[in-house]
Amino acid sequence: MFPEKVYYEPDSLSYELGQRLKEKYSAVPWIPIESHNRIDELRTQPNAAFRDLKRLLIVGVRKTHRYVPNAKISDFLVPYTSSGCSAMCLYCYLVCNYNKCSYLRLFVNREKMLEKLKKAALRAPDDLTFEIGSNSDLVLENTITHNLEWTIERFAKQEKGYLTFPTKFNMVKPLLTLEHRGRVIFRMSMNPQQIIRTVELGTSPLEQRIRAVNQMAEAGYRVGLLVAPVILVDDWERQYAELLDILAEQLSEQAKRSLKIEVIFMTYSYVHRAINTEAFSPQADLFNPDRMTGRGRGKYCYRPKIRAEAEEFLRLEIEKRFGTSSIQYIV
Ligand code: SF4
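Numbering-wise, the sequence shown is residues 1 to 331 according to my numbering.
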């Protein structure tokens with residue numbers, strides 16, 4: 001059952017969305033908190049409680065709205081309507097920031113966040129792209145708040161700037177009929193189904209993700225793919241070649257037309273190791289001492305030689321199927 005309990009900042013109930021959430025989840029306990037950033041009774045839980053913590057929902061008001069310049073797929077990373085997530089990918093980048101408290105936090109002051117976004121887009125001399133999904137998965141969040149639907153139509157009306165967000169979920173039906181006016185770039189994260197099943201716990205299966213990309217392309221959205229994170233499991237060459245075959249075969253011509261692919265290798269950390277081992281099982285630890293090495297501050301990445309060979313392999317295999325200009329970047 002999700003959520004099992006809601007922790008909330010009392011101030012959030014003075015917002016329309018806060019009220020709606022209160023009604024929607026009136027059957028579960030609501031526990032007042034001072035700040036969504038400091039919930040001591042959760043922060044002090046052992047790592048073994050990670051899965052239980054994921055069943056909680058935090059409702060608050062976002063106070064920090066600082067945009068971070070970005071040079072990869074967007075111009076700015078924008079803190080938006082949520083952070084954290086109720087899924088449990090074993091490498092989740094949010095664990096680096098929030099540790100075991102990477103549960104879903106919803107911020108109800110969406111009017112303020114959207115106004116700032118629209119102004120930033122309008123003020124810029126050029127069309128800027130804003131990444132609004134770098135702190136959570138907005139397609140999953142949308143099933144609770146409908147914030148994506150609410151945002152896309154309002155943002156697209158002003159005809160300046162673009163929004164983009166990545167996802168691992170297929171629940172795109174409510175987005176298909178929106179007046180997006182080409183102002184949204186939808187990016188789906190892909191991995192071999194075996195990795196999705198064993199590592200990306202609680203996310204949509206590969207076939208459903210592919211169908212969602214095709215549906216979004218058909219609805220006129222610009223679409224992109226992330227092959228991410230690349231995880232060098234024992235038979236990774238076979239698994240990723242097979243994934244690319246499936247994508248080449250099952251993505252529609254419309255989806256492939258302007259497709260850009262981002263390739264991101266997995267980074268991992270000491271914190272992930274501790275949580276995965278204690279909350280799941282020793283087998284859930286993705287650390288591979290033969291292939292990975294330390295990268296400062298408790299982080300791990302693939303050893304340079306292994307990484308370079310894998311990059312070469314993926315570049316060739318992607319270009320063979322999707323053309324030489326299909327790769328946006330590999331990191
Ligand atoms: S879906 Fe994304 S945000 Fe959610 S657990 Fe997986 S990697 Fe983290």
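Where is the CB? At the ideal position from N, CA and C, for every residue including glycine.
For clarity, every value in this text was computed on a predicted model and none was experimentally measured.
Run of the beta strand (DSSP E) containing residue i, from where it starts to where it stops
i      : result
Cys301 : Lys299 to Tyr302
Arg105 : Leu104 to Phe107
Ile195 : Run containing Ile195: none in the beta strand (DSSP E); it sits in the alpha helix (DSSP H), Gln193 to Thr198.
Gly335 : Residue 335 falls outside the range modelled here, since the chain spans only 1 to 331, and no answer is possible.
Val223 : Arg222 to Val230
Gly294 : Met292 to Gly294
Lys260 : Lys260 to Phe265
Gln328 : Ile327 to Ile330
Test item: CB-CB of residue i and residue j under 9 angstroms
i      : j      : result
Thr164 : Ala87  : no
Ile306 : Leu225 : no
Gly84  : Ile58  : yes
Leu128 : Phe186 : no
Met266 : Leu286 : yes
Glu149 : Pro125 : no
Ala48  : Ala279 : yes
Asn170 : Arg211 : yes
Gly220 : Gly182 : yes
Glu262 : Ile327 : yes
Asn214 : Ala248 : no
For residue j and residue i, believed in contact at Cβ under 8 angstroms, the rounded distance
i      : j      : result
Leu114 : Thr64  : That pair is no contact at about 16 angstroms.
Phe107 : Thr143 : Between Thr143 and Phe107 the Cβ distance is about 16 angstroms, and since that is not below 8 angstroms, they are no contact.
Lys72  : Tyr329 : 6 angstroms
Leu259 : Val223 : 7 angstroms
Tyr15  : Gly60  : Not quite, the Cβ-Cβ distance comes to about 10 angstroms (not below 8 angstroms), so this is no contact.
Cys101 : Ser269 : Between Ser269 and Cys101 the Cβ distance is about 15 angstroms, and since that is not below 8 angstroms, they are no contact.
Phe155 : Lys118 : 6 angstroms
Tyr240 : Pro192 : 6 angstroms
Leu201 : Leu94  : Actually they do not touch by this definition, with Cβ atoms about 14 angstroms apart.
Opposing strand residues paired with residue i [DSSP bridges]
i      : result
Glu253 : Looking at the DSSP assignment, Glu253 forms no beta bridge with any residue, so it has no partner.
Arg43  : The partner list for Arg43 (beta bridge, DSSP) is empty, contrary to what the question assumes.
Leu77  : Val68 and Glu131
Leu201 : Met88
Leu163 : Phe130 and Val184
Tyr8   : Pro32 and Val59
Met190 : Val227
Through-space distance from residue j to residue i, alpha-carbon basis
i      : j      : result
Pro229 : Ala308 : 15 angstroms
Ile196 : Ser189 : 10 angstroms
Gln158 : Leu140 : 26 angstroms
Cys92  : Leu53  : 15 angstroms
Arg105 : Glu207 : 28 angstroms
Gly298 : Asn99  : 13 angstroms
Arg20  : Met216 : 28 angstroms
Glu153 : Tyr162 : 12 angstroms
Glu23  : Arg295 : 46 angstroms
Arg62  : Asp235 : 43 angstroms
Leu314 : Ser12  : 46 angstroms
Arg273 : Leu56  : 22 angstroms
Glu312 : Glu179 : 40 angstroms
Pro205 : Ile264 : 19 angstroms
Asn109 : Leu138 : 16 angstroms
Phe2   : Thr324 : 44 angstroms
Thr145 : Glu218 : 25 angstroms
Arg43  : His36  : 11 angstroms
Arg257 : Glu319 : 14 angstroms
Limits of the unbroken alpha helix (DSSP H) element including residue i
i      : result
Glu111 : Arg110 to Arg123
Met216 : Leu206 to Glu218
Asp52  : Phe50 to Leu53
Glu16  : Glu16 to Lys24
Glu149 : Asn147 to Ala156
Residue-chain proximity (residue i, chain D), Cβ-Cβ < 9 angstroms
i      : result
Pro166 : As a matter of chain content, chain D is missing from the structure shown, which is built from one protein chain.
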